[in-house]
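Read through the structure below, which is laid out as structure tokens, and then see the notes.
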Amino acid sequence: MTQAITLPNVLNEQQIDRNLISSQGMTDEEFMSLPDDGNRYEYVDRELVIVANSGLEHGYLALVLGYFLTGFVRVNKLGVTCDSSTAFKMKTGNKRSPDLAFIDRSRLQGVKRLPKGFFEGAPDLAVEIISPSNTFEEIHNKLVEYFENGTRLAWVILPDEESVLVYHQPKPSQLLKLEDSLDGEDVISGFSLALTELFQELSF
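With our numbering applied, the sequence shown corresponds to residues 50 to 253, in that order.
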């Protein structure tokens, strides 16, 4: 008698069977307990999607922006910021991970310690940093899902152009150049960061 293979059994193997995952789906617990095979994943349309490792510039820009953003948010007690390892659970069941995210305190009322599980919905601010491996369709699909799930503001950072696209919906509303500044608007009220600070040349 052949025993049917269940998804939890597959997740305990070194190799992840993506075909089985696509046919059976995946619970939050199963996604969170994926074995460490050296990859980062998003869960999109019942499929595991490998998120490519970022290069040095990408990681540096994320950390610089995160440094300024997190400092401002913490000092003013506006909410919490999260890095790219954080998955947000969409209404479709998809798990999306922006490069940087901010959740407003109004969505965390009564919470003294953040839960270990996934946050239901998209962050109020989602930041994506374009990498050579990204496609326009991939970023657009992410933005559509972010705004359908609660995002109010998104920044798409273009390192090669030293510019930032600002979104209030899945279509860009503004292109910021090097002489401009990021503005938290009514999402992170009072926050501002000059792009010259973000894209500052190294000087040791």
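Backbone N, C-alpha and C fix where the C-beta goes; we use that ideal spot for every residue, glycine too.
Every value quoted in this text rests on a predicted model; they were computed, and no experiment measured them.
Asked	Found
Between the alpha carbons of L202 and V215, how many angstroms are there, rounded?	7 Å
Would you check if the region 133-141 and the region 238-249 touch, i.e. whether three or more CB-CB distances between them fall below 8 Å?	no
Identify the residues that DSSP records as bridge partners of G128: which are they?	D153
Helix, strand or coil: how does DSSP classify A175 here?	strand
From what residue to what residue does the beta strand (DSSP E) around I206 run?	202-207
Which residue from K140, A175, G115 puts its Cα closest to that of V236?	A175
Quick check on the DSSP output: the beta strand (DSSP E) that includes V213 runs from which residue to which?	212-216
DSSP state of E194, grouped into three classes?	helix
Considering L247, what are the terminal residues of the beta strand (DSSP E) in which it resides?	Element bounds for L247: not the beta strand (DSSP E) but the alpha helix (DSSP H), 244-247.
Is the CB-CB distance between S212 and H107 below 8 Å?	no
Between E177 and K191, which are expected to be in contact by the criterion C-beta below 8 Å, what is the C-beta distance as a whole number of angstroms?	7 Å
Return the chain-ordered list of same chain residues with a C-beta closer than 8 Å to the C-beta of L251, the five sequence neighbours on each side being excluded.	none
Bridge partners for S241 per DSSP, in chain order?	D232
DSSP three-state call for I70: helix, strand or coil?	Note that I70 scores 47 on pLDDT, short of 50, meaning its location in the model is unreliable and no value can be drawn from it.
Three Cβ pairs or more, each shorter than 8 Å: is that satisfied between the region 157-167 and the region 181-188?	no
Count the other C-beta atoms from every protein chain shown that fall within 10 angstroms of the C-beta of L247, then say buried if there are 16 or more, exposed otherwise.	buried
Report buried or exposed for V122, applying the criterion of at least 16 other Cβ atoms within 10 angstroms of its Cβ.	buried
With 16 other CB atoms within 10 Å as the buried threshold, where does V193 fall?	exposed
Closest to R156 by C-alpha separation, out of T119, Y90, P172, would be which residue?	P172
Within 10 angstroms of the Cβ of T76, are there 16 or more other Cβ atoms? Answer buried if so, exposed if not.	exposed
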